[in-house]
Amino acid sequence: MKLSLKTGLSFGLTSGIITTLGLIVGLHAGTHSKIVIIGGILTIAITDAFSDALGIHVSQESQNRHSGKSIWESTIATFLSKFVFALTFIAPILLFELSKAILICVVWGFLVLSIYNFIIAKQQKKNPWKMVTEHLIIGLIVVLITNFVGGWIATIFS
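Counting from 1, position 107 in the sequence shown corresponds to residue 526 in our numbering; the numbering is continuous, with no gaps.
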């Protein structure tokens, strides 16, 4: 896979998982509302995908060592991977009772993150379990903090 596409896919997929899970868990803790969570996912899928794609674009332009074509490849790959992956979290919300759907989303996100990181570590001849564990711990911290913050917001503003 071309480096520019790998950059966009890696960034978009990882950001799509962590950002969307944080949003889902936080909104669930704060509202327990399917409509609010679905609205949040759609908002993340659109605005954060554009934001991250622009961030990758500007970052690569600032390095002045990438061609215009590779910059655009990374930009588009970032947008599409973040957009598409964030949308995958809607299916469990629509299909299951909300508490079960949240658990399914967390398992789904952590599973995809684990598989992707395992593949990357193997390609780089690094210890896959170390990389997977490190990134899952970061994801878990995000989920725990957003759950706490969502519950705290519900308590303060309800």
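Even for Gly, the Cβ is constructed at its ideal location relative to N, Cα and C.
Let me confirm a value: residue i is counted as buried when at least 16 other C-beta atoms fall within 10 Å, else exposed. Which label applies?
i: I556; result: exposed
i: G435; result: buried
i: L559; result: exposed
i: T383; result: Nothing can be reported for residue 383, as the shown portion of the chain is limited to 420 through 577.
i: K488; result: exposed
i: S493; result: buried
i: Q479; result: buried
Starting from the Cα of residue i, find the closest Cα among the options and give me that residue.
i: I564; options: K488, E480, L440 and F498; result: L440
i: S518; options: G431, D467 and V444; result: V444
i: Y535; options: L522, V526, P547 and S478; result: P547
i: W527; options: S577, K549, F504 and Q543; result: F504
i: L428; options: T450, I475 and H554; result: I475
i: L506; options: A464, S533, G449 and K545; result: A464
i: G569; options: T450, S434 and S478; result: T450
i: V562; options: F537, V531, I521 and A540; result: I521
i: V477; options: I572, I495, L461 and F537; result: I495
i: D467; options: T426, P511 and S500; result: S500
i: A472; options: E516, L424, F515 and H554; result: L424
i: G431; options: L461, F469 and L442; result: F469
i: A510; options: T438, Q542 and K453; result: K453
i: T426; options: G459, F508 and I539; result: I539
i: G458; options: F508, S481 and L514; result: F508
i: H554; options: K541, K544 and S533; result: S533
i: S577; options: A448, L442 and T438; result: A448
Using the Cα positions of residue i and residue j, report the straight-line distance between them to the nearest angstrom.
i: I523; j: L422; result: 32 Å
i: M420; j: H485; result: 16 Å
i: W571; j: T433; result: 26 Å
i: T574; j: I456; result: 18 Å
i: F567; j: E516; result: 21 Å
4 or more residues per run - each alpha helix (DSSP H) lying fully within the region 438-483: Within the region 438-483, the alpha helix (DSSP H) runs of at least 4 residues that lie entirely inside it are, in chain order, 453-462 and 468-482.
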